[in-house]
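What follows is one structure encoded as structure tokens, with my remarks underneath.
Given below as structure tokens:
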């Protein structure tokens, strides 16, 4: 074995444990959840990921956090209802299996409630045509 080959082998053997340990603590970035404003409602949907355990959402910096969503065995979205019309900020926190999180602040516009359109949308959804609803939070 030449000295160059021996040196290369030693460096490779020494580098493998360092690279393995260095990778353990890396945080995984998640894509920002999607936010849809509707008539008096806001729907927040997490983008599925293999190591995502859950997400929470808060509306306008309030103390109320949504139930966990987006993780294995959980709904992929959460819905805020009875929201005042106008601009809002949805804050989300998504956490992975190593308990590291990614937070997002997402702006959204909410329209005024419309009971007539809601009745039509609920009838469409009940008939299995939720893709035809006029409010994106009901799809």
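Residue numbers (the working numbering): 17 to 155. Every residue gets a Cβ at the ideal spot worked out from N, C-alpha and C, and that includes glycine.
Buried or exposed (CB count within 10 angstroms, at least 16 for buried), residue i
i	result
residue 80	exposed
residue 50	exposed
residue 73	buried
residue 93	buried
residue 67	exposed
residue 89	exposed
Endpoints, beta strand (DSSP E) assigned at residue i
i	result
residue 13	Here the chain comprises residues numbered 17 to 155, so residue 13 is not present and cannot be evaluated.
Beta-carbon spacing of residue i, residue j below 8 angstroms
i	j	result
residue 111	residue 61	no
residue 63	residue 96	no
residue 153	residue 54	yes
residue 141	residue 150	no
Own chain residues within Cβ distance below 8 angstroms of residue i, not counting five before or after
i	result
residue 77	105, 107
residue 125	53, 102, 103, 104
Residue i: first and last residue of the uninterrupted alpha helix (DSSP H) it sits in
i	result
residue 101	Element bounds for residue 101: n/a, residue is neither H nor E.
Close Cβ partners of residue i (< 7 angstroms) along its chain, the five nearest in sequence each way excluded
i	result
residue 91	85
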